[in-house]
Amino acid sequence: MFIRRTALRSMLIGLAVAAMVAPACAAHADPSADEIQAKIDKGNKDLELVVEQYNKTTEDLTATQAAITKLEGDLKPLQSDMEAAQAGASQVAINAYKTGNNLRTLSLMLGASSSEGFVDRVGTLEQISRNQQHDIATYSAAKGTFDTEKNRLNEQLAAQTRQKTELETRRKQIEGDIARLDDMQRKADDAAAAAAAAAKAKTPTKTTTTTTTTSTSASSTAGCGSGAGTVVKFACAQLGKRYVYATAGPNTYDCSGLTMAAWKAAGVSLPHNAAQQWGKVKHISRSQLVPGDLVFYNGLGHVGIYIGNNQIIHAPNSRTVVKVAPIDIDSLYGYGRP
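Note that the sequence shown covers residues -26 to -1, 1 to 312 in mature numbering (1 follows the signal peptide of the UniProt record, and there is no 0).
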């Protein structure tokens, strides 16, 4: 039963991933290095969507927990008023007993084992002041509303927690598939290298003139120069740091964690989720892009920071690090400015 449910939930993995890790049939050739790489790239895109959904669920959980805390805080003043009113009403009953008036009042008061029982019985006490009656009635109504809302939030919290666990399972499945593909790619690369070495050994040695080419690393990080703004400077300082899902620094990042941290350095708060970031930013055209703007990809499954010269800095996936890349590295969704 668990296997069937897991398979149904793993929509993003699909039959293609299962096929690519299965042993090849004898009638078919092994996949080429390019085919393996294409499947790895697809797996990383699927993983990206799962990670961003995981981040959104984490944000939703935080919001629900904050709502429960606020609800409990809102009830505390009313609880204090209720306790004060209950103490005042009890004193009225004691005074009535001391003066010989309405002994039944005291037995009603002492017979209430809880604040709810007290509220049920308090309507019979004519000696209680209007203010005390008002405080008790207000608390009683608020308590009913509180209980209803807290039950709703607790159910929501439980559902979000289950979703987070399911997404974690899906993430592990996809990462396992990618790891198997990585192993296939290493074997393919080793085979190609061995074939190239064998071919080279059979080829007569020729004297060739080599031309030294300059590194392009300087031009690839041109946007990180002295004129860069706070957001871009922050992103540039993270180059080379590892990708780890659901993190936002200081030593590791996922894609939306990097954009969130970079804009936080500039005093702007963004959620840790690409789709939610898209919902908060001003949507702009490509021609309006300036360094620091956000570039969204893969159906809001990925986001990077524009640094100028048609380049972005982003945290691509778990197989690599924070790096500079061309803006058209993936299927574009849109552009935004926090």
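Glycine residues also receive a C-beta, built at the ideal position from the N, C-alpha and C atoms. Given the structure is predicted, the values throughout are model-derived calculations rather than measurements.
Original post:
Is it the case that the Cβ atoms of Gly197 and Gly310 are separated by a distance below 8 Å?
Top reply: no
Original post:
Below 8 Å between beta carbons: does that hold for Ile287 and Cys229?
Top reply: no
Original post:
Should Asn272 and Ile152 be called a contact, given that it needs their Cβ atoms to be closer than 8 Å?
Top reply: no
Original post:
What residue does the alpha helix (DSSP H) around Gln262 start on, and which one ends it?
Top reply: No alpha helix (DSSP H) contains Gln262, which DSSP labels as neither H nor E.
**OP:** Give me whichever residues DSSP pairs with Pro300 in a beta bridge.
**Re:** Gln285
Subject >> Ala7 versus Lys50, Gln159, Asp48, residue with shortest Cα-Cα distance >> reply: Gln159
Original post:
How do the stretch 30 to 37 and the stretch 130 to 147 stand: do at least 3 beta-carbon pairs fall below 8 Å, yes or no?
Top reply: yes
**OP:** Take the Cβ of Thr294 as the centre, count every other Cβ of all protein chains shown within 10 Å, and call the residue buried at 16 or more, exposed below.
**Re:** exposed
**OP:** Take Leu244 as the anchor and find which of Lys30, Asp15, Ile10, Leu127 has the nearest alpha-carbon.
**Re:** Lys30
Subject >> Start-to-end residues for the alpha helix (DSSP H) that takes in residue 315 >> reply: Past the edges of the chain, shown from -26 to 312, lies residue 315, and the structure says nothing about it.
Original post:
Is it the case that the Cβ atoms of Ile14 and Asp163 are separated by a distance below 8 Å?
Top reply: no
**OP:** Determine which residues share a DSSP beta bridge with Gly278 and list them.
**Re:** Val269
**OP:** Determine, using beta carbons only, whether Asn291 and Leu21 come nearer to each other than 8 Å.
**Re:** yes
Subject >> Burial state of Thr226 (16 or more Cβ within 10 Å) >> reply: buried
Subject >> DSSP three-state assignment for Arg216, whether helix, strand or coil >> reply: strand
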